[in-house]
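For the sequence shown, our numbering begins at 2 and goes up steadily by one.
Glycine included, every Cβ here is placed at the ideal spot set by N, Cα and C.
Notes for the one structure printed next.
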Amino acid sequence: METSPTILFSSPYRRAKETAGYISNVTGLNPIFIDGLKEMNSGEMEGIKASEMNDKYPEYMKRWRRDHSTARPPGGETLGEVHSRAWKSILKIFDEYNESLVVVVAHLFPIQGILCNVLGMKSNNFEKLVIDLGSLSSIEIQNNSYRLLRMNDMPH
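Here it is as structure tokens:
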């Protein structure tokens, strides 16, 4: 395994691109943008304050409280779909770059989905994983075995 990053992947969304840009400046790596690392598509609910969601989308919020992984916001995707696509993206990356130190820049729900898979947790348990903005989490994948090396680290 490499000791310095050899490749950089990122969500194509602005916040992740900005973070990948900072990493690129330090490492000299050009980010490769992957749609599978995007944040959850909230459909019609995009941009609505959390305090307004119960009033504007009461049925969805009931479904969300009952089962996070299958509740679909109007015109959006489910948390389970987000977690699944993020995990598939990680497996594809590790399949191709399995001996490399890979940097991945993503968003909260995709990161939680990846970590749920590494830890063998169901998507509905995602709230047990605290991931702060700009934190680092490290995983190792070898021979279809997954290990969490660190989570929510803030060394920078």
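Secondary structure at residue i, three-state DSSP: helix, strand or coil?
i: MET152; result: strand
i: SER132; result: The amino acid occupying residue 132 in the given sequence is Ile; Ser does not appear at that position. Coil, per DSSP.
i: ILE112; result: helix
Could you name the residues that DSSP lists as bridge partners for residue i?
i: SER101; result: SER101 pairs with nothing; no bridge assigned.
i: TYR147; result: ILE142
i: PHE34; result: SER11
i: LEU137; result: ASP154
Rounded to the nearest angstrom, what separates residue i and residue j at their Cα positions?
i: ILE115; j: LEU130; result: 11 Å
i: SER124; j: TYR23; result: 30 Å
i: ILE49; j: VAL103; result: 34 Å
i: ILE94; j: ARG67; result: 33 Å
i: SER160; j: ASN145; result: Past the edges of the chain, shown from 2 to 157, lies residue 160, and the structure says nothing about it.
i: HIS84; j: MET54; result: 22 Å
i: ARG15; j: ALA21; result: 10 Å
i: SER52; j: LEU109; result: 19 Å
I'd like to check one pair, residue j with residue i: are the Cβ atoms closer than 9 Å?
i: VAL105; j: SER11; result: yes
i: ASP36; j: ARG86; result: yes
i: VAL158; j: ARG151; result: Since the first residue shown for the chain is 2 and the last is 157, residue 158 is missing from the structure and cannot be characterised.
i: LEU80; j: PHE127; result: yes
i: ASP154; j: LEU137; result: yes
i: ALA107; j: GLU19; result: no
i: LEU38; j: ALA17; result: yes
i: ILE112; j: ILE132; result: yes
i: MET122; j: PRO75; result: no
Candidates the options: which alpha carbon is nearest residue i's?
i: THR7; options: ALA17, PRO13, ARG15, PRO32; result: PRO32
Does residue i have its Cβ less than 9 Å from a Cβ in chain B?
i: ARG73; result: The structure shown has no chain B; it contains just one protein chain.
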